[in-house]
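Peer 1: Numbering (our numbering), first residue to last: 191 to 394.
Note that CB positions come from ideal geometry on N, CA and C, so glycine has one too.
Bear in mind the structure is a predicted one, so any value in this text is a computation, not a measurement.
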């Protein structure tokens with residue numbers, strides 16, 4: 191069985207990743223997808239890139255350096271709020287401090303957009319997926335989903351900034367969508383499906 195190690199310790203991300211890549215086959219074989227923690231990798235990774243793509247590749251290469259024979263994937267994703275000059279952007283996970291709860295982060299963003307009308311609350315989730323193969327080749331795929339920032343947290347699904355990100359086609363927050371609905375349209379879903387196709391083509 192082929193193995194993919196994903197450079198994250200985020201349980202919410204791992205759940206989405208396994209669901210989206212559940213039908214991936216490499217050389218006709220099913221694929222086991224494990225987190226870097228499950229693979230026994232504890233690399234200290236300094237995300238010092240200037241964009242999502244650079245940070246994703248930095249993470250993938252750092253984990254790949256400690257693993258032999260496995261495909262390594264990493265993502266860098268975040269929320270860009272246009273009114274706030276695309277903050278928090280690549281600093282989304284570290285916004286207000288890595289240990290700060292997303293409930294507090296979401297409340298802060300809502301407060302910063304106080305009295306800002308709907309048409310100026312535009313935002314997007316961006317996700318870059320980097321892949322480093324055992325032979326040294328790498329690929330990067332990036333995708334986004336457009337939406338706007340709501341006025342309060344809504345929904346119990348999802349994680350992170352999902353409760354304040356309103357998806358126009360549903361008029362619901364990303365946290366109000368079912369996992370199937372979210373995966374079909376999300377930035378991570380789109381990027382992972384593009385990477386799935388890339389891997390299938392490379393190993394065909």
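Are the beta-carbon atoms belonging to residue 245 and residue 210 less than 8 Å from one another?
Peer 2: As a position in the chain shown, residue 245 is number 55, starting the count at 1. As a position in the chain shown, residue 210 is number 20, starting the count at 1. Taking 8 Å as the Cβ cut-off, residue 245 and residue 210 do not qualify as a contacting pair.
Peer 1: Tell me which residue opens and which closes the alpha helix (DSSP H) that residue 220 is part of.
Peer 2: Position 30 of the chain shown, counted from the first residue, corresponds to residue 220. No alpha helix (DSSP H) holds residue 220; the beta strand (DSSP E) holding it covers 219-225.
Peer 1: May I ask you to report which of helix, strand or coil DSSP gives residue 210?
Peer 2: To locate residue 210, count along the chain shown from 1; it is residue 20. The answer is helix: DSSP assigns residue 210 an H, G or I state.
Peer 1: To the nearest angstrom, how far is the alpha carbon of residue 240 from that of residue 373?
Peer 2: For the purposes of this step, residue 240 is taken as residue 50 along the chain shown, with counting starting at 1. For the purposes of this step, residue 373 is taken as residue 183 along the chain shown, with counting starting at 1. Their backbone Cα atoms lie some 27 Å apart in a straight line.
Peer 1: In chain order, what residues of the same chain have a beta carbon less than 8 Å from the beta carbon of residue 242, not counting five sequence neighbours either side?
Peer 2: Within the chain shown, the letter at position 52 stands for residue 242. So the qualifying residues of the chain are 266, 267, 268, 280, 316, 317, 318, 332.
Peer 1: In terms of DSSP beta bridges, what is residue 333 paired with?
Peer 2: As a first step, residue 333 must be located in the chain shown, where it is residue number 143. Beta-bridge pairing links residue 333 to 317.
Peer 1: Is it true that the CB of residue 365 sits closer than 8 Å to the CB of residue 379?
Peer 2: Here the question's residue 379 lines up with position 189 in the chain shown. Here the question's residue 365 lines up with position 175 in the chain shown. Against a cut-off of 8 Å, the Cβ pair of residue 365 and residue 379 comes out as no contact.
Peer 1: In the DSSP assignment, find the unbroken beta strand (DSSP E) run with residue 270 in it and report its ends.
Peer 2: Translated into positions along the chain shown, residue 270 becomes position 80. That run of the beta strand (DSSP E) goes 261-271.
Peer 1: Determine whether the beta carbon atoms of residue 306 and residue 253 lie at a separation below 8 Å.
Peer 2: Sequence index remark: in the chain shown, residue 306 carries index 116 (1-based). Sequence index remark: in the chain shown, residue 253 carries index 63 (1-based). For residue 306 and residue 253, no; Cβs fall outside 8 Å.
Peer 1: Spatial neighbours of residue 164 within its chain, please: CB distance less than 7 Å, with the 5 preceding and 5 following residues excluded, ordered by chain position.
Peer 2: Residue 164 lies beyond the range of the chain shown here (191 to 394); nothing can be said about it.
Peer 1: I'd like to check one pair, residue 273 with residue 310: are the Cβ atoms closer than 8 Å?
Peer 2: In the chain shown, counting from the first residue as 1, residue 310 sits at position 120. In the chain shown, counting from the first residue as 1, residue 273 sits at position 83. Yes, these two residues count as a Cβ contact at 8 Å.
Peer 1: Quick check: residue 231 and residue 202, are their CB atoms within less than 8 Å of each other?
Peer 2: By one-based count along the chain shown, residue 231 stands at place 41. By one-based count along the chain shown, residue 202 stands at place 12. Taking 8 Å as the Cβ cut-off, residue 231 and residue 202 do not qualify as a contacting pair.
Peer 1: Restricting to Cα atoms, I'd like to know which of 250, 356, 219, 222 is closest to residue 234.
Peer 2: Within the chain shown, the letter at position 44 stands for residue 234. Ranking the options by Cα distance to residue 234, first place goes to 250.
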